[in-house]
Amino acid sequence: MMTDRNSFSPTVSLGDMAMDILNPRKSVIVEMIMVQLISLVLIVLAVMLFQSRNLSSTTISYMLIGAFGAATLAGTIYTRLSH
C-alpha cells in the first residue's frame, strides 16, 4: 500500500522529524559553527571590557589573539559561503 506524502500520518511525521534532526543539511551545521564563533568573540570582548582591571596583560593578550582568530575564521567562512 502506497501512502500519500501529503496525508497526515503520525508515524511518517515522526520519522520525517527524526530524519531532519539526525541528518541536518550542511548549511545548518555551518550556521551553528558561525553562531559559536560569533558568540566566542562577543564573550571574549565582554570579559575584557568588564574585567580588564582584574586580568594580567598576558591573559588579555591571549584573549585578543583568540578574539582576532575567531573573527578571522568567521570572516573566512562568510567569504567562502558568499561565492
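Numbering (the working numbering), first residue to last: 1 to 83.
Cβ coordinates follow ideal geometry from the N, Cα and C atoms, glycine included.
- Contact check for ALA70 against VAL41 passes: the beta carbons are separated by less than 9 Å.
- In the DSSP assignment, ARG80 falls within the unbroken alpha helix (DSSP H) covering 57 to 82.
- ASN23 and GLY66 have their C-alpha atoms spaced approximately 31 Å apart.
- Using a 10 angstroms sphere on the CB of LEU37, the tally of other CB atoms reaches 16 or more, which defines it as buried.
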